[in-house]
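*Asks:* Read left to right, the sequence shown gives residues 1 to 335 (my numbering).
The beta-carbon is built from N, C-alpha and C at its ideal position, and this holds for glycine as well.
These numbers were taken from a predicted model, which means no experiment stands behind them.
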Amino acid sequence: MLANPIGVLQRVGQTPFDGWISSARGLYGNTLMTVKTKRKRESLRKELRALIAPSFLMGLRSLTNRMRLEQVQRLGARLGRHGWIFARHRLRIALRNLQLVYSPELTHALRQKLAIKAFESVGMMGLEMVKLPTLPPEELVDIAPIEGLEHLQASIAAGSGTILIGAHLGNWEIGPVRLNQEGFDVVPLARPSSMQRIARTVDALREGMAVPTIPVHGGIRPCLRLLRKNTVIGILPDRYARGQGLDIEYMGHTTNLWHTPMLLALRSGAQMLPCHTVRQDDGSFRVCIDEPIPVTPATPIDVGTQQVFRRLEKWVRQHPEQYLWQYDLWPDVEL
Numbered sequence: 001m002l003a004n005p006i007g008v009l010q011r012v013g014q015t016p017f018d019g020w021i022s023s024a025r026g027l028y029g030n031t032l033m034t035v036k037t038k039r040k041r042e043s044l045r046k047e048l049r050a051l052i053a054p055s056f057l058m059g060l061r062s063l064t065n066r067m068r069l070e071q072v073q074r075l076g077a078r079l080g081r082h083g084w085i086f087a088r089h090r091l092r093i094a095l096r097n098l099q100l101v102y103s104p105e106l107t108h109a110l111r112q113k114l115a116i117k118a119f120e121s122v123g124m125m126g127l128e129m130v131k132l133p134t135l136p137p138e139e140l141v142d143i144a145p146i147e148g149l150e151h152l153q154a155s156i157a158a159g160s161g162t163i164l165i166g167a168h169l170g171n172w173e174i175g176p177v178r179l180n181q182e183g184f185d186v187v188p189l190a191r192p193s194s195m196q197r198i199a200r201t202v203d204a205l206r207e208g209m210a211v212p213t214i215p216v217h218g219g220i221r222p223c224l225r226l227l228r229k230n231t232v233i234g235i236l237p238d239r240y241a242r243g244q245g246l247d248i249e250y251m252g253h254t255t256n257l258w259h260t261p262m263l264l265a266l267r268s269g270a271q272m273l274p275c276h277t278v279r280q281d282d283g284s285f286r287v288c289i290d291e292p293i294p295v296t297p298a299t300p301i302d303v304g305t306q307q308v309f310r311r312l313e314k315w316v317r318q319h320p321e322q323y324l325w326q327y328d329l330w331p332d333v334e335l
């Protein structure tokens, strides 16, 4: 595994769109547009994406059915490489996040390349998700081996439920599918898109993968009921909580993040196991389950939550090109 982003960028080399990346510098510059005009344009772009994206995804579904997985991944990377053109605000956020985390370790040019690699990863994941329902089960078993299964088995044997904790890293949809294939009852928490047409499309894709989910807006009671039945639930807490979480240090900066895993662990006695699915150079995956995060009923909730994010940070720093940098994690931190 690669522990530093410079090594990652040296491995991936130049992208075909390096010339396009340089134009991102203009995104930091002044503009003649007023704030009102910017907001209006962004609102129109959002409505257009909500209108086009579902039909585009379902159209790609029929195309990917006739393609091998490696072809699907190449197409997804290509779409991701172009994708920032239609989501410039996401590129701005990604570049800001990378500057906060990797400046001065990485130059501006290297941060730009890392941002584009992150867009490629999103594109690949999107098409992998479209392809998964039609992928033969035995093929998925071959390309996505599971490491650390003994940790999950020990947690289930303890009988108090299990909380799998991951970051928005690699392809986080594959882990639950593979674990369900192995006979484990895994139910991830899911945050539906605010755009209903996109939410319905994603729900349809997840149904095709036979993965039940819990909507995050349902609160913690459904999660506690499942944990009391010794079910395995999955949570990705690495999102800005807008004051509803705890102030936690993550990637060198303090921000407000979700403490849901630790809250559930304290109330249920469930063990928390970090779990990530990272993409390999040959297009295969590694589903990795780490040893439990050592907390007890006496552990303060902020201390336990900090331990959770230290584990997540370790994985993100090993695979920064596969992380979802496009969401604002540190809006209150000044550059």
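Spatial neighbours of glycine 166 within its chain, please: C-beta separation below 6 Å, excluding the five flanking residues on both sides.
*Replies:* So the qualifying residues of the chain are Trp172, Leu236, Cys275, His276.
*Asks:* Report buried or exposed for alanine 298, applying the criterion of at least 16 other Cβ atoms within 10 angstroms of its Cβ.
*Replies:* Its Cβ having fewer than 16 others within 10 Å, alanine 298 is exposed.
*Asks:* By alpha-carbon positions, which one of Leu312, Met272, Val278, Pro300 ends up nearest to alanine 154?
*Replies:* For the residues Leu312, Met272, Val278, Pro300, the minimum Cα distance to alanine 154 belongs to Met272.
*Asks:* What is the residue span of the alpha helix (DSSP H) that histidine 82 lies within?
*Replies:* That run of the alpha helix (DSSP H) goes 69-83.
*Asks:* Isoleucine 233: which of Gln326, Val211, Trp258 sits nearest, CA to CA?
*Replies:* Residue Val211 is the option with its Cα nearest to isoleucine 233.
*Asks:* Looking at the secondary structure, which residues open and close the beta strand (DSSP E) in which proline 222 lies?
*Replies:* Proline 222 -> not in any beta strand (DSSP E); alpha helix (DSSP H) instead, spanning 221-228.
*Asks:* With H, G and I counted as helix, E and B as strand and the rest as coil, what does DSSP make of leucine 264?
*Replies:* Helix, per DSSP.
*Asks:* Determine the extent of the alpha helix (DSSP H) in which arginine 239 is found, giving its start and end residues.
*Replies:* First-last for arginine 239: undefined, no H or E at that position.
*Asks:* Excluding five sequence neighbours on each side, which residues of the same chain lie with their C-beta closer than 6 Å to the C-beta of valine 287?
*Replies:* Answer for valine 287: Ala144, Ile146, Gly175, Arg178, Thr277, listed in chain order.
*Asks:* Based on Cα-Cα distance, which residue from Glu291, Val308, Tyr240, Arg279 lies nearest to leucine 358?
*Replies:* The question about residue 358 has no answer, for the chain in this structure spans 1 to 335.
*Asks:* Which of helix, strand or coil does DSSP assign to methionine 251?
*Replies:* Three-state DSSP puts methionine 251 in coil, outside helix and strand.
*Asks:* Since leucine 324 is in the beta strand (DSSP E), which residue starts that stretch and which ends it?
*Replies:* Run containing leucine 324: none; DSSP gives neither H nor E here.
*Asks:* Going by the CB atoms, is the gap between threonine 213 and methionine 185 shorter than 7 Å?
*Replies:* Looking at the sequence shown, residue 185 is not methionine but aspartate. Their beta carbons are not under 7 Å apart, which means aspartate 185 does not touch threonine 213 by this criterion.
*Asks:* Can you tell me which of the three DSSP states proline 137 falls into?
*Replies:* The answer is helix: DSSP assigns proline 137 an H, G or I state.
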